[in-house]
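So the structure is just underneath, and the comments pick up after that.
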Amino acid sequence: MISSMKSQISILESKILSGKQNDNTKPLEQTITDELKNIKMEPIIDSKQSETEELITPPPLNIPTNISNISKNYLILNAADYLKGASVDNAHSSRSNLNPIIGYDQTNLVLLDRPQPPTHKAWCSNEHNPVLTINLAKYIKPISVSYQHSKWTHDIPMSAPRIYDVVACLDFYCQNWKPLVSNCVHSSQSNGTEQFCNISSHLNVPLIGKVQFRFKENYGDSKMTCVHLVRVYGETDKPVQVQTTKNLGSEETCADLKYYYYNSYFKYTFAKKNCSVLYENDCCSDCPECCEDCTISDYNWENCLLIVLWTFIGILYTGLFVFLLICCCACLTGNIGHPSRN
Numbered sequence: 001m002i003s004s005m006k007s008q009i010s011i012l013e014s015k016i017l018s019g020k021q022n023d024n025t026k027p028l029e030q031t032i033t034d035e036l037k038n039i040k041m042e043p044i045i046d047s048k049q050s051e052t053e054e055l056i057t058p059p060p061l062n063i064p065t066n067i068s069n070i071s072k073n074y075l076i077l078n079a080a081d082y083l084k085g086a087s088v089d090n091a092h093s094s095r096s097n098l099n100p101i102i103g104y105d106q107t108n109l110v111l112l113d114r115p116q117p118p119t120h121k122a123w124c125s126n127e128h129n130p131v132l133t134i135n136l137a138k139y140i141k142p143i144s145v146s147y148q149h150s151k152w153t154h155d156i157p158m159s160a161p162r163i164y165d166v167v168a169c170l171d172f173y174c175q176n177w178k179p180l181v182s183n184c185v186h187s188s189q190s191n192g193t194e195q196f197c198n199i200s201s202h203l204n205v206p207l208i209g210k211v212q213f214r215f216k217e218n219y220g221d222s223k224m225t226c227v228h229l230v231r232v233y234g235e236t237d238k239p240v241q242v243q244t245t246k247n248l249g250s251e252e253t254c255a256d257l258k259y260y261y262y263n264s265y266f267k268y269t270f271a272k273k274n275c276s277v278l279y280e281n282d283c284c285s286d287c288p289e290c291c292e293d294c295t296i297s298d299y300n301w302e303n304c305l306l307i308v309l310w311t312f313i314g315i316l317y318t319g320l321f322v323f324l325l326i327c328c329c330a331c332l333t334g335n336i337g338h339p340s341r342n
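So the sequence shown is numbered by full-length UniProt numbering: it starts at 1 and just counts up by one.
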């Protein structure tokens, strides 16, 4: 546009310098006005502003586009996201490797919503038909469920789930329930992608806060079924706020964790590095390996200090109990050895 204006002005200057104005020639001011009107004005686009808008615009939810029962007056979210407040109900779920007898409970890793779940963080159970009960982050009107397995190299793992049902729990113990979807198939043709199973719009389901995944069949392993990532999409009238914007403190936290991870195993071991810290501070772009290896509860310096403190208190109480027991035995022995005289 600027080059066009320059060319038009050059033409005007040449006309003025030539001095060849006829009687029919318009006055100079009118000529300039007419030439400026003929110049096509195009809107000026600020590239910096557009880039900023593109960066702060959140990505759309990855849900199927063929769902017809979505109301425009509600928000859609994954209510089974750990970072939004969802959790696994271990009391009404099958026992798994992520909830050991000794050590921290890591069961909620199966609810950590991330683009690609790692292979070594699966929820595995050796029960015949394992169940996974989830306390949702919010009460929702369910519209879809999905399952995503980690990427495999050649053939799909034998422990990967193949067919599953999902029911809505109508009470705390999930003794009263209502089916949402039945015989959902996790296909072996889609390696590492999220696979949906839509809920019928004609299903009369109230707002729910708990669901149960019932895995009926895997790809051949009779002893173990391993589940990597489940999601439950639904409508809600209020969003769940999750802070993921980086500030100065977040940048320092991510920079320190990245340095510790690659340069100091000792410092990284005792740093606070659980999944909530990493994802809420948006550290995955700085240290993707940190997010892949993260746990729900980690052994940091605070937890180690609490372990040492409780161990000391336990030893102290045990010593006190043994001392009192010895004193009682001594008193009883003394009374038996010296009977009272009448």
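The beta carbon of each residue, even a glycine, is placed where N, CA and C say it ideally should be.
Only a predicted model underlies this, so the values are computations on that prediction, with no experimental measurement involved.
Here leucine 203 carries a coil assignment [DSSP, helix/strand/coil]. In this structure, Asn129 is the residue among Pro179, Asn129, Pro206 and Ala137 with its C-alpha nearest to the C-alpha of valine 227.
Judged by pairs of C-beta atoms under 8 Å, the region 104 to 115 touches the region 73 to 89, as three or more such pairs exist. A straight-line Cα-Cα distance of about 14 Å links valine 211 and cysteine 197. By the neighbour-count criterion, in which 16 or more other beta carbons inside 10 Å mark a residue as buried, tryptophan 152 falls on the exposed side. A distance below 7 Å separates the beta carbons of proline 142 and isoleucine 199. Out of Ser222, Ala255, Asn247 and Val232, the CA that lies nearest to the CA of leucine 132 is found in Val232. For leucine 136, the enclosing beta strand (DSSP E) starts and ends at 131 to 148. Straight-line measurement puts the Cα of aspartate 256 at about 12 Å from the Cα of leucine 278. Spanning the alpha carbons of cysteine 287 and tyrosine 262 requires a straight line of approximately 9 Å. Note on glycine 234: 16 or more other CB atoms within 10 angstroms of its CB, so buried under the neighbour-count rule. Counting other Cβ atoms within 10 Å of its Cβ, proline 117 reaches 16 or more and is therefore classed as buried.
Between the region 316 to 336 and the region 145 to 163 there are fewer than three C-beta pairs closer than 8 Å, too few to call the two in contact. Fully enclosed alpha helix (DSSP H) runs of no fewer than 4 residues occupy 248 to 263, 265 to 270, 275 to 280 and 288 to 293 of the region 246 to 320, in order along the chain. Your pair alanine 122 and alanine 79 does not check out as a contact, with CB atoms roughly 21 Å apart and the cut at 8 Å. For glycine 192, no beta strand (DSSP E) segment is defined, and its DSSP state is neither H nor E. Rounded to whole angstroms, glycine 192 and arginine 214 show a C-alpha spacing of 21 Å.
Boundaries of the beta strand (DSSP E) harbouring proline 161: 161 to 169, taken from the DSSP string. Counting only the Cα atoms, leucine 324 lies some 49 Å from methionine 224. When DSSP states are grouped into helix, strand and coil, leucine 324 belongs to the helix group. Just so you know, the alpha carbons of aspartate 165 and lysine 178 end up roughly 11 Å apart. Rounded to whole angstroms, serine 182 and alanine 168 show a C-alpha spacing of 12 Å.
Here the region 170 to 177 makes no contact with the region 268 to 275; the two share fewer than three CB pairs at distances below 8 Å. Comparing alpha carbon positions, the residue from Ser276, Pro161 and Thr253 closest to glycine 220 is Pro161.
The DSSP-derived three-state label of leucine 112 is coil. Take serine 297, set aside five residues on each side of it, and the residues of its chain with a beta-carbon closer than 8 Å to its own are Tyr104, Asp105, Gln106, Asn274 and Asn303, in chain order.
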